[in-house]
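Residue numbers (the numbering used here): -6 to 584.
Quick reminder that beta carbons are idealized off the backbone N, C-alpha and C, glycines included.
As the structure is a prediction and not an experimental result, all values here were calculated from the model.
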Ligand SMILES: [Zn+2]
């Protein structure tokens, strides 16, 4: 070939190469636990320009992103994002469920088969409460009903189980980390980081190079022997510096003192709000757990304050630098889940000044994180998907003020009544038989051995139980397995969602869905709120996609967070994980 021809070919080939889409070096999943879909809209005027707003304007902002299943809690949410499927496929039906084989409630991401890394010291010093806190607590009223309930509940009387540690081995679908590993010959790294184990472990799954969380027993960043036998040196270093102790006795006050918090979130002191880990109902909140020196109650207060997110960002930055994420020859995955938004929301409710405050701080934290990524990985060289694992229900006292029927319903009391009803149908008077073996989350597990020994059919007893539960005040619907195993009426929205939450090997015989704004709790003394329903306040979450080649703009089309698995795969030009069900939203990328 003449030199001229070679040069010509190079010139011809060059534009083709240039037209290849620019691939990110790092894909980042950012989860703000419990950040409801409406927060990014209603508080947008209060954000700075470099955090959420930068992603909302320079990236694609999906305002209509909803979970498609009914039981909207942390484990299923985190398991869905990077597997690309729902609990009916990935099998993480709840944070916990009842395992018939072992006769125990199991945790979605923990097992006592694995040890903690680093190991838990045998003789930890006891928490010592400050004298003034002790004196104050001695005068406070106790909740007699909570003690009564514990006596009634057979599960709560069981001895404390052996310490369990993080593992993804209950996850039944591969994650995006598996896809990345097979596309890069194992060279692309996958790291999962969070305050809680399930949120660190489930997004990345079994192939993770590292999954770390904080153990509030002693305030150390830990992993489990499932992943490694020793912690990465950069984790050991942070632990040596006692990084989690840095916020001890740092009171939590309002982030923007001159902002009218009442205008955006109502008054600070509202009936039904909780007090956290000795943090009180109103600002400023103490961050010492009432202790003389850092201990469990302090780490719980850290978790239940915006400082838990600040701690996590330190860990995230350290991981990016030490592991050179997005800075070597193949792309990497980083999954980060900020947990403090969740526990703050549980304690003070979505309409509280505390949730507004932690969201404003999350915006500034995101600005800091983006700046850091620009500097270390490079502008335009990383792609972020930001979402949440579920939303949150308003505090019943707040809903009631808005004229809504809203209550805490004691599942323990309903269970006692349901067992009594089943005895009235199937037993002689005075019998003490237990027909319900377990009730965890929305799932009710019947005592199969008993049913068989009586020559009855489980499906018939399930029908009887569902008939009873469906009539309990506060219950919207009760489904049997038979209801969920047939085709659903296309207009039955709740039915479809429960079906999507249903995994036959793990679910019980009856599923219960409460009425909107109702949830399981102590009706007399309960505080705070929760999530886990099929209603919009729990299913609606943000989805922001920010990175090279993403077409910016507000998108109103319906999407699910599980689409992220396909978005990451498309961005890197690799195959999505094997069980991913949702494709990339049309027109998301420029090419
Ligand atoms: Zn959560």
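**Cross-strand partners of residue 309 (DSSP beta bridge)** = Answer by DSSP bridge pairing: none, since residue 309 is not bridged.
**Message:** Are the CB atoms of residue 437 and residue 371 within a distance shorter than 8 Å?
**Reply:** no
**Asked** Got a sec: does ligand 1 put a non-hydrogen atom nearer than 7 Å to the Cβ of residue 132?
**Response** no
**Prompt:** From what residue to what residue does the alpha helix (DSSP H) around residue 206 run?
**Reply:** Careful: residue 206 lies outside any alpha helix (DSSP H), inside the beta strand (DSSP E) at 203 to 208.
**Message:** Suppose contacts are defined by Cβ-Cβ distances below 8 Å. Is residue 592 in contact with residue 71 by that definition?
**Reply:** No answer is possible for residue 592: the residues shown for the chain start at -6 and end at 584.
**Request:** Could you tell me whether the Cβ of residue 455 comes closer than 8 Å to any Cβ of chain B?
**Result:** Among the chains in the structure shown there is no chain B, since it carries only a single protein chain.
**Asked** What first and last residue would you give for the alpha helix (DSSP H) that runs through residue 431?
**Response** Element bounds for residue 431: not the alpha helix (DSSP H) but the beta strand (DSSP E), 429 to 433.
**Message:** I'd like the list of long-range same chain contacts for residue 102, defined as Cβ closer than 6 Å, with 5 residues on each side in sequence excluded.
**Reply:** 159, 190, 191, 194 and 195
**Prompt:** Between residue 89 and ligand 1, is the CB less than 7 Å from at least one heavy atom?
**Reply:** no
**Prompt:** Hey, out of 26, 24, 31 and 571, whose CA is closest to residue 529's CA?
**Reply:** 31
**Request:** For residue 565, count neighbouring C-beta atoms within 10 Å of its own C-beta (all shown protein chains included) and say buried if the count is 16 or more, exposed if not.
**Result:** buried
**Prompt:** Got a sec? Which residues, its chain only, sit under 7 Å from residue 85 by beta carbon, not counting five neighbours each side?
**Reply:** 68, 69, 72, 101, 163, 164 and 195
**Message:** Based on DSSP bridge pairs, tell me the residues matched to residue 22.
**Reply:** 328 and 378
**Message:** With the cut-off set at 8 Å, would you say residue 225 and residue 315 are in Cβ contact?
**Reply:** yes
**Asked** How many Å lie between residue 354 and residue 303 at the Cα?
**Response** 9 Å
**Request:** Indicate, with yes or no, if ligand 1 has a heavy atom lying under 7 Å from the CB of residue 190.
**Result:** no
**Asked** Can you find a heavy atom of ligand 2 that lies under 7 Å from the Cβ of residue 383?
**Response** The ligand content of the structure shown is limited to ligand 1, which means ligand 2 is not among them.
**Request:** Pick helix, strand or coil for residue 113, following the three-state DSSP scheme.
**Result:** coil
**Prompt:** residue 399 by DSSP, collapsed to three states: which one?
**Reply:** coil
**Item:** Helix, strand or coil at residue 292 according to DSSP, with G and I counted as helix
**Value:** helix
**Request:** Please name the residue or residues paired with residue 40 in a DSSP beta bridge.
**Result:** Answer is none; residue 40 lacks a bridge partner.
**Asked** Would residue 335 pass as a contact of residue 26 if the rule is Cβ separation under 8 Å?
**Response** yes
**Asked** Roughly how many angstroms lie between the CA atoms of residue 146 and residue 433, to the nearest whole one?
**Response** Confidence is the limiting factor: at residue 146 the pLDDT is only 49, short of 50, which leaves the residue's position unreliable, though a coordinate-based value still follows. Looking at the two C-alpha atoms, the distance is approximately 12 Å.
**Prompt:** residue 125 by DSSP, collapsed to three states: which one?
**Reply:** helix
**Request:** Figure out for me which residue from 330, 420 and 364 has the closest Cα to the Cα of residue 383.
**Result:** 330
**Asked** Could you check where the alpha helix (DSSP H) with residue 559 kicks off and where it finishes?
**Response** 557 to 565
**residue 535 versus residue 381: straight-line alpha-carbon distance, rounded** = 6 Å
**Expected contact under 8 Å - CB spacing of residue 243 and residue 280 to nearest Å** = 5 Å
**Asked** Looking at the structure shown, is residue 187 part of a helix, part of a strand, or coil, going by DSSP?
**Response** strand
**Message:** Less than 8 Å between the C-beta atoms of residue 267 and residue 520, yes or no?
**Reply:** yes
**Where residue 229 sits in the DSSP three-state scheme** = helix
**Item:** Three CB pairs or more closer than 8 Å across the region 290 to 307 and the region 124 to 134
**Value:** no
**Prompt:** Taking C-alpha atoms, which residue in 579, 320 and 284 lies nearest to residue 125?
**Reply:** 284
**Prompt:** Just to check, is the beta-carbon of residue 27 closer than 7 Å to a non-hydrogen atom of ligand 1?
**Reply:** yes
**Request:** Just the C-alpha distance for residue 200 and residue 582, rounded to the nearest angstrom, thanks.
**Result:** 28 Å
**Request:** State the beta-bridge partners of residue 91 as determined by DSSP.
**Result:** 98
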